[in-house]
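In what follows, a single structure is set out as structure tokens and then discussed.
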Amino acid sequence: MEQVKVNGVKLEVARIAGAREVGLAPIMFLHEGLGSVAMWRDWPAQVCDATGRAGIVYSRRGYGASDAVPDVRGTGRLKPDYMHAEALHVLPELIARLGIETPVLVGHSDGGTIALLHAADHVVTACIVMARHVIVEDVSIRSIEAA
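Quick note: the sequence shown uses this note's numbering, first residue 916, plus one each step.
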């Protein structure tokens, strides 16, 4: 595990080595709303082994061993546009700091939405998403506000 500083924030990063094929874009795994590097367990390593690609798993700010989130609303919660900020400001800088040109993005839930937002504005090799948020229902908003 390592810490990579992005825009003044330390992010927890785990690298998965062992690419069989030189030159293949690495896979970056983007976690869900309550996830972290640890929550992925060994699944990223299994995917990387099966595909012959290297991998990067990181915890967003406020998750895992990454820096905490500042108390922006008096509740310790993220700003409402946090997925856009992650996709358009944090992720591009992390990708650059890691020396990656065009990653394969694999995102689950919030991570899937972040992957889609990033891929809409940046070149990626592929964007694979699971349970992404493309429609926010009123019941979801009420549940999040109540949490």
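Positions of the beta carbon are idealized from the N, C-alpha and C atoms, including for glycine.
- Met916: not part of any alpha helix (DSSP H); DSSP gives it neither H nor E.
- Assignment of Leu1020 by DSSP, reduced to helix, strand and coil, places it in the strand class.
- Close CB contacts of Tyr978 within its chain, under the 6 Å cut and outside five residues either way in sequence, are with Ser951 (chain order).
- The DSSP-derived three-state label of Ala1035 is helix.
- Distance from the CA of Tyr973 to the CA of Ala1002, rounded to the nearest whole angstrom, comes to 13 Å.
- In this structure, DSSP gives Tyr973 an extended state, which the three-state scheme calls strand.
- With three or more CB-CB distances shorter than 8 Å, the segment 1014-1027 counts as touching the segment 936-943.
- Rounded to the nearest whole angstrom, the CA to CA distance from Leu1031 to Val1044 is 8 Å.
- Here Ala940 carries a coil assignment [DSSP, helix/strand/coil].
- Residue pairing by DSSP puts Ala1041 in a beta bridge opposite Val1019.
- Beta-bridge partners of Val1054 (DSSP): none assigned.
- Here Glu1060 carries a helix assignment [DSSP, helix/strand/coil].
- In the three-state reduction of the DSSP assignment, Ala1002 falls in the helix class.
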